[in-house]
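Enquirer:
Chains as they are written, first to last, in my numbering: chain F, 185 to 383; chain Z, 484 to 724.
1) Please go through the region 499-543 of chain Z and give each complete beta strand (DSSP E) segment of 3 or more residues, from N-terminal end onward.
2) Output, in chain order, the set of chain F residues within a Cβ distance shorter than 8 Å of residue 712 of chain Z.
3) Are residue 566 of chain Z and residue 582 of chain Z touching if we call contact CB-CB under 9 Å?
4) Taking the alpha carbon of residue 258 of chain F as the reference point, which residue from F:319, F:336, F:374 has its own alpha carbon closest?
5) Run the CB neighbour count on residue 264 of chain F, radius 10 Å, all protein chains shown included, and call it buried at 16 or more, exposed below.
6) What are the residues that DSSP puts in a beta bridge with residue 260 of chain F?
7) I need the DSSP call for residue 208 of chain F, collapsed to helix, strand or coil.
8) Where do the N-terminal and C-terminal ends of the alpha helix (DSSP H) with residue 354 of chain F fall, by residue?
9) Can you find a CB in chain Z that lies within less than 9 Å of the CB of residue 192 of chain F?
10) Quick check on the DSSP output: the beta strand (DSSP E) that includes residue 654 of chain Z runs from which residue to which?
11) With 9 Å as the threshold, decide whether the Cβ of residue 496 of chain Z is near any Cβ in chain F.
12) Taking Cβ to Cβ, would you say residue 204 of chain F is nearer than 9 Å to residue 375 of chain F?
13) Within 9 Å of any Cβ in chain F, is that where the Cβ of residue 722 of chain Z sits?
14) Which residue from F:241, F:249, F:273 puts its Cα closest to that of residue 256 of chain F?
15) Less than 9 Å separating the beta-carbons of residue 329 of chain F and residue 224 of chain F?
16) Just list the residues that DSSP pairs residue 582 of chain Z with in beta bridges.
17) Near residue 227 of chain F, which residues of its chain fall below 8 Å by C-beta distance, leaving aside the five closest residues on each side in sequence?
18) If you compare alpha carbons, which of F:207, F:350, F:232 is closest to residue 222 of chain F?
19) Tell me, which residues are paired with residue 315 of chain F by DSSP?
20) So does residue 258 of chain F have its beta carbon nearer than 8 Å to some heavy atom of the ligand GTP?
21) Leaving out five residues on either side along the sequence, give the residues of the same chain with a beta carbon under 8 Å from the beta carbon of residue 360 of chain F.
22) Consider the Cβ of residue 363 of chain F: report whether some Cβ of chain Z lies at a distance smaller than 9 Å.
23) Whether or not the region 538-553 of chain Z and the region 598-609 of chain Z are in contact is what I'm after, with contact meaning three or more pairs of Cβ atoms, one per stretch, closer than 8 Å; do they touch?
24) So with Cβ pairs under 9 Å, would you call residue 206 of chain F a contact of chain Z?
25) Have a look at the DSSP bridge pairing and note the partners of residue 368 of chain F.
26) Let me check understanding here. Comparing Cα to Cα, which of Z:682, Z:683, Z:649, Z:643 lies closest to residue 619 of chain Z?
27) What are the complete beta strand (DSSP E) segments, minimum 3 residues, inside the region 222-258 of chain F?
28) So who's on the other strand from residue 186 of chain F, going by DSSP bridges?
29) Give, in chain order, every unbroken run of the alpha helix (DSSP H) that is at least 4 residues long and sits entirely within the region 643-698 of chain Z.
30) Hey, which unbroken runs of the beta strand (DSSP E) at 3 residues or more fall wholly within the region 561-605 of chain Z?
31) Per DSSP, residue 485 of chain Z is paired with what?
32) With DSSP as the reference, identify every bridge partner of residue 496 of chain Z, one or two as the case may be.
33) Using a Cβ-Cβ cut-off of less than 7 Å, give me the residues of the region 522-536 of chain Z that come near chain F, in sequence order.
34) With a threshold of 9 Å between beta-carbons, can residue 189 of chain F be considered close to chain Z, or not?
35) Would you report the Cα separation of residue 563 of chain Z and residue 540 of chain Z, rounded to the nearest angstrom?
36) Among F:237, F:364, F:209, which residue has its Cα nearest to the Cα of residue 285 of chain F?
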């Protein structure tokens with residue numbers, strides 16, 4: 185038997201079929217983070233991919249900026265219930281970054297400046313599904329939104345889109361990240377409403 | 484693995500905290516308990532099956548299957564005006580939780596604690612203050628509570644009563660009470676230096692409030708030498724809720 189909240193009607197903004205269950209639309213861009221915002225000077229910034237065979241591929245900021253860029257427009261969905269449609273970013277597809285990486289690993293642990301981590305299957309980062317971005321809405325990415333560069337994996341809840349990204353470690357076994365060990369779902373598909381452990 | 488299930492929750496009491504905020508007490512049969520600082524998801528269902536859900540921090544320790552939320556009315560919001568204006572005792576929502584294993588304080592923690600709250604960000608911090616009192620903890624607590632003006636104080640009477648080991652400082656940003664030593668302004672380095680703990684005491688810092696406030700306060704704590712891993716932040720406040 186379902187529980188009815190007497191007299192509740194709701195706002196019912198029509199987002200067509202673009203709003204996953206339990207989400208609502210926002211126009212602003214809320215910020216969520218577990219600690220202070222790290223500041224990363226560009227001359228010390230680097231991005232790395234570490235394979236399970238202990239091969240490391242590194243990019244300095246200049247090298248990263250010289251890679252072919254894309255400008256994805258995507259919908260993003262935060263586990264705290266807000267969704268934002270048609271966000272525009274500029275950055276490098278993970279397919280480009282993985283071009284010369286040799287791996288048989290199935291899992292990725294993304295790590296950030298400031299110590300944040302999040303995990304996902306490697307296949308969720310490939311085939312046009314994820315980018316390392318440095319611009320949002322035509323502007324340089326602000327530190328509080330993850331600048332100088334963040335991951336975006338828009339098909340998963342937004343905590344998987346690690347801010348201040350520093351690298352990706354490839355692993356044979358899944359290794360839960362920060363929120364994944366604090367009660368949140370290991371995979372986080374918004375369309376299956378995988379918010380919390382056990383969903 | 485523990486599944487978080489939606490539980491029916493009946494409103495048993497509602498009282499005004501300020502002109503725009505109410506504390507709501509719900510009976511949630513089978514409530515598993517929670518830690519101070521955790522939040523819950525609240526789901527409303529209309530007659531025709533339309534649903535909306537939002538997250539709210541729990542305001543204090545559970546009393547059996549009774550839990551309390553303090554909700555600020557978001558103008559033009561979807562869920563909060565229903566909770567604070569339309570709902571009557573006996574009405575029902577669904578609640579699931581508790582959620583969040585990071586922005587929490589456990590009564591076994593003995594370290595000094597600095598709580599820095601902006602506006603409605605006081606709610607999970609108040610849960611920590613109440614959990615401390617209930618547990619008889621001797622961990623020294625300091626609360627810095629930033630808000631626009633005195634009329635916006637949540638829990639004013641309770642925070643006025645003596646609670647040994649808890650120091651409370653109000654930081655008004657728009658208008659301070661008559662005769663206040665500190666003029667109304669945004670939180671600054673001196674506020675955290677005077678009302679907080681020295682970084683050498685290695686306090687656990689909990690910062691909760693709107694984005695701009697959280698960013699500013701966390702940056703100031705870093706500038707005072709607090710280690711980033713001891714600064715826990717939680718954004719709180721209206722985004723259409």
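Idealized CB from N, CA, C, for every residue including glycine.
Expert: On the basis of the supplied data:
1) 504-510, 522-528, 534-540
2) 219, 299
3) Contact: no.
4) F:336
5) buried
6) F:268
7) strand
8) Counting along the chain, residue 354 of chain F falls outside any alpha helix (DSSP H), though it belongs to the beta strand (DSSP E) covering 349-355.
9) yes
10) Where residue 654 of chain Z is concerned, the enclosing beta strand (DSSP E) stretches over 649-655.
11) no
12) yes
13) Annotation note: pLDDT 48 at residue 722 of chain Z (below 50); position unreliable, coordinate value reported separately. Yes, its Cβ sits closer than 9 Å to a Cβ of chain F.
14) F:273
15) no
16) Z:522
17) 245.
18) F:350
19) F:277, F:336
20) The model on display carries no ligand, and the ligand GTP is accordingly not part of it.
21) 303, 370
22) yes
23) As far as the Cβ criterion goes, the region 598-609 of chain Z touches the region 538-553 of chain Z, which means the pair count is three or higher.
24) yes
25) F:380
26) Z:649
27) Whole beta strand (DSSP E) segments, 3+ residues: 230-234, 240-244.
28) According to DSSP, which records beta bridges pairwise, residue 186 of chain F is partnered with nothing at all.
29) 672-678
30) 575-582, 596-601
31) Residue 485 of chain Z is not bridged to any residue.
32) Z:508
33) 527, 528, 529, 530, 533, 535, 536
34) The beta carbon of residue 189 of chain F sits closer than 9 Å to some beta carbon of chain Z.
35) Cα to Cα, the separation comes out at about 13 Å.
36) In terms of CA proximity to residue 285 of chain F, F:237 leads the group F:237, F:364, F:209.
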